[in-house]
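In this note's numbering, the protein residues as written are 9 to 206. Accompanying notes for the structure given below.
As structure tokens, then:
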């Protein structure tokens, strides 16, 4: 991936690491976070990303668990929007600020996964171009509900392609399995509800 520039995530990481102090932003931070999560769960990733950015700017105190949580959400918004360079920087920021061995291992794994996001970008392009069978085959090889981002997004893409290919029963089953692991994903909920009527 080409990343010859400082993204907002990298700037944020530097700012947080410097321990800039803020005051009175905690309530605003939580309001923005709540609103952003609502947009995220509704599948409105662009609005969610913008609100997560505002939340991060609302409280430049020490690196808090809330700020790290916001970064996690924003990273997934960036992935869903196809902003893979930005997502890579966000997860690198999370890795830099990881406090536990478990978090460090998780973010190292995420950073490794981000190295293979070209395949995911190809899937998104293929869906937009209407190459559903090709994307279905590609997604099938990567689709896993094992907690990995690549597996998660590939599973979702596989379900979308199955639906476009007219395999409604399979698509319905795929979305149902997905929702067992990611029950708050409203985009998947809408798809499953639609497919239930097919």
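Every residue, glycine too, gets a C-beta built ideally from N, C-alpha and C. Bear in mind the structure is a predicted one, so any value in this text is a computation, not a measurement.
Helix, strand or coil at residue i according to DSSP, with G and I counted as helix
i	result
residue 215	The first residue shown for the chain is 9 and the last is 206, placing residue 215 beyond what the model contains.
residue 89	coil
residue 117	helix
residue 145	helix
residue 165	helix
residue 174	coil
First through last residue of the alpha helix (DSSP H) which encompasses residue i
i	result
residue 206	Residue 206 -> no alpha helix (DSSP H), and no H or E assigned at all.
residue 34	34-49
residue 153	Looking at the DSSP string, residue 153 is not in any alpha helix (DSSP H), and its letter there is neither H nor E.
residue 106	Where residue 106 is concerned, there is no enclosing alpha helix (DSSP H), given that its DSSP letter is neither H nor E.
residue 133	125-137
residue 72	No alpha helix (DSSP H) holds residue 72; DSSP gives it neither H nor E.
residue 64	53-66
Same chain, Cβ closer than 7 Å to residue i, neighbours up to 5 away in sequence not counted
i	result
residue 50	194
residue 40	59, 62, 63, 66
residue 185	153
residue 31	At residue 31, the pLDDT of 37 sits below 50, so the modelled position is not reliable; the number obtained from the coordinates is stated separately. There are no such residues.
residue 89	53, 54, 57
residue 178	170
Chain-order list of residues whose beta-carbon lies under 8 Å from that of residue i (same chain, five-residue window excluded)
i	result
residue 141	169, 173
residue 163	147, 151, 152, 153, 182, 185, 186
residue 87	95, 125, 128, 157, 161
Own chain partners of residue i with C-beta closer than 6 Å, once the 5 adjacent residues on each side are dropped
i	result
residue 15	In this prediction, residue 15 has a pLDDT of 35, which is less than 50 and means its spatial position is unreliable; what the coordinates show is noted afterwards. Cβ within range, chain order: 94, 97.
residue 83	95, 98, 99
residue 112	106
residue 85	53, 56, 57
Closest Cα partner of residue i within the set the options
i	options	result
residue 59	37, 155, 73	37
residue 76	55, 107, 149	107
residue 43	73, 72, 81	81
residue 35	202, 54, 74	74
residue 165	91, 46, 151, 190	151
residue 197	187, 206, 205	187
residue 171	72, 149, 205, 191	205
residue 147	128, 133, 136	128
residue 176	192, 191, 190, 200	200
residue 130	92, 110, 116, 114	92
residue 203	167, 145, 191	167
Next on the checklist: I'd like to know if the region 117-128 and the region 139-157 are in contact, where contact means that at least 3 CB-CB pairs between them fall below 8 Å.
Outcome noted: yes
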